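Chains as they are written, first to last, in the working numbering: chain E, 1 to 270; chain Z, 271 to 540.
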């Protein structure tokens, strides 16, 4: 049976994303920090599943930063529709809720709803974990934002569904493994650091255009200890073995001082 | 006397940044949310000061998102060296600290220090605000992360200084106003949304290269309600009136469906 480390607790969105791919016949290992998912996989767990981007709140920067220095590969992508619920102990009415606990990303996605309710948003490390905490502490003046599944697992009550300010709420996850994917992919993710000269960023991006590679995403993250220097993360169409991709990577090496292919994988269906 | 709205409370880093430029002969107006700084300036306050990027934690995404739909201009840039202190009530020893309150960015910048102390990191909306809260609540099992100035303002004790995991800790701020800067700048910030065709991102960036404009920063943020579509924020050298910049903006219009010059200003000295 395969072992899968995921970010969060039982009922977390990351677990649901993992189950879409690995089904019920796998051993799921909850982890409190994204760094712990990476170290679990480096230490022998078969795969890890981590959030990488949400369509409302943007990049999950801790995940991007974790790839610096990590030796893992991206072997798959999962997209999950997020349906946030307001969850409380059975019998708790919406009018008695003063505080709402959840992961900062979920609080951000439901900001307008919480402002209308006039409640205090309290950041917690995990969505499902905040539901468990409410139950364990017996808090009757508080609610949590998490999935319907988290409410079910902990025997809690759903006060409201679909509370994000935007119905188009999706999170993209990466599957990480110690070895690259065996099958050919149609999407590739890389990290690179550009050389220190004017126009270097342009030259780096030009590598994709000259090779007719469609860049679908780019994200900059600060290099630690070097203010205003950046690592860039890019996603593009194609497999790392494709002739065009090989050409782009070769050209990219000219204007970058560091480059690592995180992996090629099948693009997720939304 | 000029009125300056800033993000945070008295003693916040944003206030210190604002004072570097506007000195002591200005009226400083603390605001709890970045959106409130924007609406204060839209409503008649002379200027606003908001954090835009930290050299360890990266972009302050709430500020970037605030520019969508806002009518304000960026009229200046400020860089402040951040020196985080661990602050508690007088008499509290480091060994009795169980919880540490601060802004999530500051907690992130001091993550390794907090992990070594084995204390719980509790997110709070502001650095200086968390010092005030400790004092008001009289919490003797807790500390806050903020500036030495915040400790001084609230008569609190500094337990440790320089606790960020990286000594190169700087935050970049924007000054926002209702009208563009009068003086010529040497740096310009823009937002743009690219058209929906393969290679559009490359074409957009090509506009800078063809015009020999040095792009210094690029940041992508999700477009609300349109999963996997992005607004791009870019900084580059030059004034919006420069011939090269004018050419770049003209070329950029071909591959973008939306573009707005946020402003030209003097690049901050570090």
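Built from N, CA and C at the ideal position, the CB exists for glycine as well. All values derive from a computational prediction rather than experimental measurement.
Indicate whether the contact test is met: 3 or more Cβ pairs, each with one atom in the region 471 to 489 of chain Z and one in the region 40 to 49 of chain E, closer than 8 Å. At 8 Å Cβ cutoff, the stretches do not touch.
Which residue comes first and which comes last in the beta strand (DSSP E) that contains residue 535 of chain Z? In the second chain, the residue the question calls residue 535 of chain Z occupies position 265. For residue 535 of chain Z, the enclosing beta strand (DSSP E) starts and ends at 526 to 535.
Relative to chain Z, which residues along the region 60 to 86 of chain E have a C-beta separation below 7 Å, given in chain order? Taking 7 Å as the cut-off between beta carbons, the residues of the region 60 to 86 of chain E near chain Z are 61, in sequence order.
So for residue 165 of chain E, helix, strand or coil by DSSP? By one-based count along the first chain, residue 165 of chain E stands at place 165. Residue 165 of chain E: coil per DSSP, three-state reduction.
Which residues in chain E sit within 8 Å of residue 286 of chain Z, going by Cβ to Cβ distance? In the second chain, counting from the first residue as 1, residue 286 of chain Z sits at position 16. Neighbours of residue 286 of chain Z on chain E: none; closest Cβ ~17 Å, over 8 Å.
Would a check of beta-carbon distances place residue 235 of chain Z closer than 8 Å to chain E? Residue 235 of chain Z falls outside the range modelled here, since chain Z spans only 271 to 540, and no answer is possible.
Please look up how many angstroms separate the CB atoms of residue 30 of chain E and residue 10 of chain E, rounded, as I've assumed it's under 8 Å. As a working note, residue 30 of chain E is residue 30 in the first chain. As a working note, residue 10 of chain E is residue 10 in the first chain. That belief holds up - the Cβ atoms of residue 30 of chain E and residue 10 of chain E are roughly 6 Å apart, short of 8 Å.
Do we get a CB-CB distance below 8 Å when we pair residue 509 of chain Z with the residues of chain E? In the second chain, counting from the first residue as 1, residue 509 of chain Z sits at position 239. So, not an interface residue.
Along the region 241 to 257 of chain E, where does the CB come closer than 7 Å to a CB of chain Z? Name the residues. Per Cβ criterion, the list is empty.
Out of E/74, E/62, E/125, point me to the one whose CA is closest to residue 185 of chain E's CA. Stepping through the first chain from its first residue, residue 185 of chain E is reached at position 185. Closest in alpha carbon position to residue 185 of chain E, among E/74, E/62, E/125, is E/74.
Ends of the alpha helix (DSSP H) at residue 308 of chain Z? Position 38 of the second chain, counted from the start, is the residue given in the question as residue 308 of chain Z. Note, residue 308 of chain Z: alpha helix (DSSP H), 304 to 312.
Buried or exposed by the 16-neighbour rule on C-beta atoms within 10 Å, applied to residue 152 of chain E: Along the first chain, read from residue 1 onward, the residue named residue 152 of chain E stands at position 152. Taking all protein chains shown into account, residue 152 of chain E has fewer than 16 neighbouring C-beta atoms within 10 Å of its C-beta and is therefore exposed.
For the region 434 to 501 of chain Z, which segments carrying the beta strand (DSSP E) assignment without a break, of at least 3 residues, lie completely within its bounds, in sequence order? Counting only runs of 3 or more residues that sit fully inside the region 434 to 501 of chain Z, the beta strand (DSSP E) segments are 440 to 447, 457 to 464, 485 to 492, in chain order.
Would you call the CB atoms of residue 368 of chain Z and residue 325 of chain Z closer than 8 Å? In the second chain, the residue the question calls residue 368 of chain Z occupies position 98. In the second chain, the residue the question calls residue 325 of chain Z occupies position 55. In this structure, residue 368 of chain Z sits away from residue 325 of chain Z, with a CB-CB distance that is not shorter than 8 Å.
Beta carbons nearer than 7 Å to chain Z: which residues of the region 165 to 190 of chain E have them? Under the 7 Å Cβ criterion, the region 165 to 190 of chain E contributes 166, 168, 170.
I need the straight-line Cα distance from residue 334 of chain Z to residue 217 of chain E, nearest angstrom please. Here the question's residue 334 of chain Z lines up with position 64 in the second chain. Here the question's residue 217 of chain E lines up with position 217 in the first chain. Residue 217 of chain E has its alpha-carbon roughly 18 Å from the corresponding atom of residue 334 of chain Z.
Starting from the beta carbon of residue 202 of chain E, find every residue of chain Z whose beta carbon is closer than 7 Å, and list them in chain order. Position 202 of the first chain, counting from 1, holds the residue named residue 202 of chain E. Residues of chain Z whose Cβ lies closer than 7 Å to the Cβ of residue 202 of chain E are, in chain order, 475, 478, 479, 485.
Is residue 226 of chain E close to the ligand FMN? I mean its beta-carbon at under 7 Å from any heavy atom of the ligand. You won't find the ligand FMN in this model; it holds no ligand whatsoever.
Candidates Z/371, Z/458, Z/294, Z/309, of which the one nearest residue 391 of chain Z by Cα: What you label residue 391 of chain Z is simply residue 121 of the second chain in a count that begins at 1. Comparing alpha-carbon positions, the option among Z/371, Z/458, Z/294, Z/309 lying closest to residue 391 of chain Z turns out to be Z/371.
Could you tell me whether the region 496 to 504 of chain Z touches the region 176 to 190 of chain E, where touching means 3 or more Cβ pairs closer than 8 Å? Output reads no: the region 176 to 190 of chain E does not touch the region 496 to 504 of chain Z.
So, using beta-carbon positions, are residue 88 of chain E and residue 196 of chain E closer together than 8 Å? As a first step, residue 88 of chain E is located in the first chain; it is residue number 88 there, counting from the start. As a first step, residue 196 of chain E is located in the first chain; it is residue number 196 there, counting from the start. The answer is no: Cβ separation not under 8 Å.
Close Cβ partners of residue 24 of chain E (< 7 Å) along its chain, the five nearest in sequence each way excluded: Taking the first chain and counting its residues from 1, the one referred to as residue 24 of chain E is at position 24. Spatial neighbours of residue 24 of chain E in its own chain (CB-CB distance under 7 Å, excluding positions within 5 residues in sequence) are not present.
Going along the chain, which residues of the region 128 to 150 of chain E sit with their C-beta nearer than 7 Å to a C-beta in chain Z? Those would be none; no residue qualifies.
Compare the C-beta of residue 51 of chain E with all C-beta atoms of chain Z and state if any pair is closer than 8 Å. The residue given as residue 51 of chain E occupies position 51 in the first chain. It does not: the Cβ of residue 51 of chain E has no partner Cβ on chain Z nearer than 8 Å.
For residue 51 of chain E, does the three-state DSSP call read helix, strand or coil? Your numbering for residue 51 of chain E matches position 51 in the first chain. Here residue 51 of chain E carries a strand assignment [DSSP, helix/strand/coil].
Do the region 503 to 518 of chain Z and the region 170 to 184 of chain E make contact, defined as three or more Cβ pairs closer than 8 Å? By the C-beta criterion, the region 503 to 518 of chain Z is judged not to be in contact with the region 170 to 184 of chain E, since fewer than 3 inter-stretch pairs fall below 8 Å.
So that I know if they touch, is there some Cβ in chain Z lying closer than 8 Å to that of residue 218 of chain E? One-based indexing of the first chain puts residue 218 of chain E at position 218. Interface residue, yes.
Applying the criterion that 16 or more other CB atoms from any shown protein chain within 10 Å of the CB defines a buried residue, is residue 366 of chain Z buried or exposed? On the second chain, position 96 is the one that residue 366 of chain Z refers to. Answer is exposed; the Cβ neighbour count stays below 16.
With distances taken Cα to Cα, identify the nearest neighbour of residue 322 of chain Z among Z/350, Z/429, Z/401, Z/416. Indexing the second chain from 1 puts residue 322 of chain Z at position 52. Checking every option, the nearest Cα to that of residue 322 of chain Z belongs to Z/350.
Residue 224 of chain E touches chain Z at which residues, Cβ-Cβ below 7 Å? Locating residue 224 of chain E in the first chain gives position 224, counting from the first residue. Result: 326, 436.
Return the CA-CA distance between residue 135 of chain E and residue 231 of chain E, expressed in angstroms with no decimal places. The count along the first chain starts at 1 and reaches residue 135 of chain E at position 135. The count along the first chain starts at 1 and reaches residue 231 of chain E at position 231. Taking C-alpha positions only, residue 135 of chain E is separated from residue 231 of chain E by approximately 41 Å.
Short of 8 Å in beta carbon distance, which residues of its chain neighbour residue 418 of chain Z, apart from the five on each side in sequence? Order them along the chain. By 1-based counting over the second chain, the position of residue 418 of chain Z is 148. 353, 355, 428, 431, listed in sequence order.
Helix, strand or coil for residue 417 of chain Z per DSSP? Locating residue 417 of chain Z in the second chain gives position 147, counting from the first residue. Coil.
For residue 17 of chain E, the nearest candidate out of E/171, E/199, E/223 (CA to CA): Residue 17 of chain E sits at position 17 when you count from the first residue of the first chain. Closest in alpha carbon position to residue 17 of chain E, among E/171, E/199, E/223, is E/171.
Residue 77 of chain E burial status per 10 Å Cβ neighbour count (16 or more: buried): The count along the first chain starts at 1 and reaches residue 77 of chain E at position 77. Residue 77 of chain E comes out buried.
Can you check whether the CB of residue 175 of chain E is closer than 8 Å to the CB of residue 92 of chain E? By 1-based counting over the first chain, the position of residue 92 of chain E is 92. By 1-based counting over the first chain, the position of residue 175 of chain E is 175. Contact: no.
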